[in-house]
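In the working numbering, the protein residues as written are 2 to 357.
Cβ coordinates follow ideal geometry from the N, Cα and C atoms, glycine included.
This report concerns only the one structure given below.
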């Protein structure tokens, strides 16, 4: 883990504070804690003014979700950040605040994390540091500065903003180089006309700009020669121990099938499926799958078990996702997990991995 941080894919959460759906669930620090306990390294917080406009809440904007105080989320992140991994935790802020509240956020963050907080003004860009050198550090990240219209159009935009959809992922910040320039130089640059559309301007940088450690990273990988992985899926076991006998079908044993494939670069990504084994709690598929890979270091082996239902709404029977680079040749008992990422006590697949 000694390459620059921007060379890595990172285990990332989205709307990390939600206990359920994105429309009407509760906002809480509990799912943040659970995510960190599972090794998630990026936590997203949506920041909005509270009802009295004098403090900051974390909430999914323009929805019926309940609110939670920002400071509670920050403290929970500090307490649980490194229980599963020593590598850095990135807090991504989606900011809907006034400048005064942004200043308050900066104070909260610096007082909460102290020396744990990565300081880009003193330490340079976090992207040039390695995960190894950033162990037990907290990094602050933001979504890109959006463009805004002139005052007349801003009012119209605000009136209709609750009809707009939230971008689920957002774009990465391409360049915030001006954040390291003196304030005077920034003001002069912001007032100047760069020849672009006069009706559009970049919004002012947030008051906590000096804390921003990550401004987006380019995907960089080494292209390798074609490689291949052979995966034999023999059988599954354990559902009768972890599920009630009526969980899948009321009157008969389940009809299991497995989807298996690669998630990675576009040319490697593929999803295949086994045959369905009817009426059997211990399905035996005994099928082989071959996956040619051009970039194996970015490939994940994706496995999902489902129970076939005549209605077309197949039941979920377990899943796992394994980095191909971490697989070892031989016969393995592979544990499966629930939709929430909780490991089943007994459910496993018997698989064999071969490398060509």
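Residues bridged to residue 259 [DSSP beta-bridge criterion]
Looking up residue 259 in the chain shown gives position 258. Partner(s): 306.
When 44, 100, 94 and 236 are compared against residue 81, the one with the closest alpha-carbon:
Working through the chain shown from its first residue, we reach residue 81 at position 80. When each option's Cα is compared against that of residue 81, the closest is 44.
Are residue 254 and residue 280 closer than 9 Å when you measure CB to CB?
As a position in the chain shown, residue 254 is number 253, starting the count at 1. As a position in the chain shown, residue 280 is number 279, starting the count at 1. In contact: residue 254 and residue 280 (Cβ atoms closer than 9 Å).
By Cβ distance, which residues of its chain are closer than 7 Å to residue 14, with the 5 residues on each side in sequence left out?
Mapped onto the chain shown, residue 14 falls at position 13. These residues qualify, in order along the chain: 36, 41, 43, 44 and 45.
Integer-rounded CB distance, given that residue 141 should sit under 8 Å from residue 117
Here residue 117 refers to the residue found at position 116 when the chain shown is read from its first residue. Here residue 141 refers to the residue found at position 140 when the chain shown is read from its first residue. About 11 Å; that fails the 8 Å criterion.
Would you say the region 300-307 touches the region 249-263, given that touching needs at least three Cβ pairs under 8 Å?
yes
Roughly how many angstroms lie between the CA atoms of residue 83 and residue 38, to the nearest whole one?
As a working mapping, residue 83 is identified with position 82 in the chain shown. As a working mapping, residue 38 is identified with position 37 in the chain shown. About 8 Å.
Over what stretch of residues does the beta strand (DSSP E) that includes residue 229 continue unbroken?
Working through the chain shown from its first residue, we reach residue 229 at position 228. Start and end: 228-238.
Straight-line gap, residue 26 to residue 303 (C-alpha atoms, nearest Å)
The count along the chain shown starts at 1 and reaches residue 26 at position 25. The count along the chain shown starts at 1 and reaches residue 303 at position 302. Each residue's Cα considered, the two are about 29 Å apart.
In three-state terms, what does DSSP make of residue 81?
Working through the chain shown from its first residue, we reach residue 81 at position 80. If DSSP states are grouped into helix, strand and coil, residue 81 belongs with the helices.
Own chain, CB closer than 8 Å to residue 113, minus 5 neighbours either side, in chain order:
Taking the chain shown and counting its residues from 1, the one referred to as residue 113 is at position 112. Same-chain partners within the cutoff: 72, 75, 76 and 79.
Select from 272, 250 and 289 the residue whose C-alpha is nearest the C-alpha of residue 317.
Counted from its first residue, the chain shown places residue 317 at position 316. When only C-alpha atoms are compared, the closest one is 250.
Report, in whole angstroms, the separation of the C-beta atoms of residue 335 and residue 349, which I expect to be a contact under 8 Å.
Within the chain shown, the letter at position 334 stands for residue 335. Within the chain shown, the letter at position 348 stands for residue 349. Going by Cβ atoms, the distance from residue 335 to residue 349 rounds to 6 Å, so yes, they are a contact pair.
Once you ignore the five residues that flank residue 33 on each side, which residues in its own chain have a CB closer than 7 Å to its CB?
Position 32 of the chain shown holds residue 33. Within the same chain, residue 33 has close Cβ partners 17, 18, 44, 74, 77 and 78.
Residue range of the unbroken alpha helix (DSSP H) whose run includes residue 23:
By 1-based counting over the chain shown, the position of residue 23 is 22. Taken as a continuous stretch (DSSP letters only), residue 23 belongs to no alpha helix (DSSP H), as it is neither H nor E.
Are residue 128 and residue 5 touching if we call contact CB-CB under 9 Å?
Position 127 of the chain shown, counted from the start, is the residue given in the question as residue 128. Position 4 of the chain shown, counted from the start, is the residue given in the question as residue 5. Closer than 9 Å, so yes.
CA-CA distance, residue 110 and residue 240?
The residue labelled residue 110 in the question sits at position 109 within the chain shown. The residue labelled residue 240 in the question sits at position 239 within the chain shown. Taking the straight line from one Cα to the other gives about 46 Å.
Distance between residue 300 and residue 263 (C-alpha atoms, nearest Å)
To locate residue 263, count along the chain shown from 1; it is residue 262. To locate residue 300, count along the chain shown from 1; it is residue 299. Computed Cα separation, rounded: 6 Å.
Residue range of the unbroken alpha helix (DSSP H) whose run includes residue 101:
By one-based count along the chain shown, residue 101 stands at place 100. Run containing residue 101: 100-114, per the alpha helix (DSSP H) assignment.
Measure the Cβ-Cβ separation of residue 61 and residue 23 and say whether it is below 9 Å.
By one-based count along the chain shown, residue 61 stands at place 60. By one-based count along the chain shown, residue 23 stands at place 22. Taking 9 Å as the Cβ cut-off, residue 61 and residue 23 qualify as a contacting pair.
Would you identify the three-state DSSP class for residue 7, choosing helix, strand or coil?
Position 6 of the chain shown holds residue 7. If DSSP states are grouped into helix, strand and coil, residue 7 belongs with the helices.
Round the Cβ separation of residue 319 and residue 337 to the nearest angstrom and send it over; I've been treating them as touching at under 8 Å.
Within the chain shown, the letter at position 318 stands for residue 319. Within the chain shown, the letter at position 336 stands for residue 337. At roughly 3 Å, the Cβ-Cβ gap stays under 8 Å, so residue 319 and residue 337 are in contact.
Can you tell me the Cα-Cα spacing of residue 135 and residue 28, whole angstroms?
Reading the chain shown from its first residue, position 134 is the one you call residue 135. Reading the chain shown from its first residue, position 27 is the one you call residue 28. If I take the Cα positions, the gap works out to 29 Å.
Please confirm whether residue 235 and residue 282 have their CB atoms less than 9 Å apart.
Position 234 of the chain shown, counting from 1, holds the residue named residue 235. Position 281 of the chain shown, counting from 1, holds the residue named residue 282. No, they are not a contact pair.
Per DSSP, cross-strand counterpart(s) of residue 58
Stepping through the chain shown from its first residue, residue 58 is reached at position 57. Looking at the DSSP assignment, residue 58 forms a beta bridge with 49 and 70.
How is residue 281 classed by DSSP in three states: helix, strand or coil?
Along the chain shown, one-based indexing puts residue 281 at 280. Three-state DSSP puts residue 281 in coil, outside helix and strand.
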